[in-house]
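**Q** Its first residue numbered -15, the sequence shown is counted upward by one per residue in our numbering.
Yeah, the Cβ is synthetic: ideal placement off N, Cα and C, and Gly gets one too.
Since the structure is predicted, the reported quantities are computational estimates derived from the model, not experimental observations.
Sharing a structure here in structure tokens format.
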Amino acid sequence: MRPVVLLAGLCGVALAGCGSPASTLSPADNISIDCQAAAQAIADYSVAFRDMAVALEASDAGTAGPAAAEFGLSARAIVDQLPGLPQEAQGFVAVSQRFADRVRDVISGNGDLPPLAVEAETQFGDQAFVESVDVVEGFFSSNCPTTIIPTPSPTPS
């Protein structure tokens, strides 16, 4: 699996600056975004995806299960941290949560882990998913223009 595709998408929003204050969409919206919390949610999603991908490739059910659970939760956390996110971004959450559920289903005895790596490439490479990620990135970038997404530490070898 090439987790680089998705990680480059969400984690690649390396924006200039750091430590920005909360952002407000518009005064009329009365919605405030904690940019640091949103950036951390995006970083957590990237780490969970990486951990899940590595576990799937290694056919490590003991690691894949918890990583999949964290992956599904972290997708939801991004949306929770970005109030006002356009509806077009919902595909990002739906696909992520469905895939996390699929991994847990396979671990429960309903399939083999290695084919899920290929399935992940297909699901997360799908144009509709990529477009929903673009919506998340664009929304984050426009509302938190000076916030840097923390870079996940490398996977231990």
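Taking its Cβ as the centre, do 16 or more other Cβ atoms sit within 10 Å of asparagine 127, making it buried, or is it exposed?
**A** buried
**Q** Within 10 angstroms of its Cβ, does glycine 93 collect 16 or more other Cβ (buried), or is it exposed?
**A** exposed
**Q** Is it right to say serine 125 is buried, meaning 16 or more other beta carbons lie within 10 angstroms of its own, or is it exposed?
**A** Flag for serine 125 reads exposed.
**Q** By the DSSP assignment, the alpha helix (DSSP H) with aspartate 110 in it spans what residues?
**A** Where aspartate 110 is concerned, there is no enclosing alpha helix (DSSP H), given that its DSSP letter is neither H nor E.
**Q** Helix, strand or coil: how does DSSP classify serine 16 here?
**A** strand
**Q** Rank Thr106, Asp89, Ile91, Phe33 by C-alpha distance to the C-alpha of alanine 59 and give the top, closest one.
**A** Phe33
**Q** Pairing CB atoms from the region 35 to 53 with CB atoms from the region 79 to 89, are three or more of them under 8 Å?
**A** yes
**Q** Are alanine 48 and leucine 57 closer than 9 Å when you measure CB to CB?
**A** Going by C-beta atoms, alanine 48 is not nearer than 9 Å to leucine 57.
**Q** Measuring alpha carbon to alpha carbon, tell me which of Thr131, Thr135, Pro136 ends up nearest aspartate 18.
**A** Thr131
**Q** For alanine -2, which residues from the same chain have a beta carbon less than 7 Å from its beta carbon, with the 5 sequence-adjacent residues on both sides left out?
**A** With a pLDDT of 32 at alanine -2, under the threshold of 50, the modelled position of that residue is not reliable, and the figure given next carries that caveat. Closer than 7 Å at Cβ, skipping near neighbours: Ile132, Ile133.
**Q** What would DSSP say about asparagine 94, mapped onto helix, strand or coil?
**A** coil
**Q** Have a look at Pro129, Ser16, Phe123, Pro136 and flag the residue whose alpha-carbon is nearest the alpha-carbon of valine 74.
**A** In the sequence under discussion, the amino acid at residue 74 is glutamine, which differs from the valine named in the question. Of Pro129, Ser16, Phe123, Pro136, the residue nearest in Cα terms is Phe123.
**Q** So the candidates are Ala23, Leu66, Ala27, Leu97; which of them puts its Cα closest to the Cα of alanine 45?
**A** Nearest of Ala23, Leu66, Ala27, Leu97 to alanine 45, Cα basis: Leu97.
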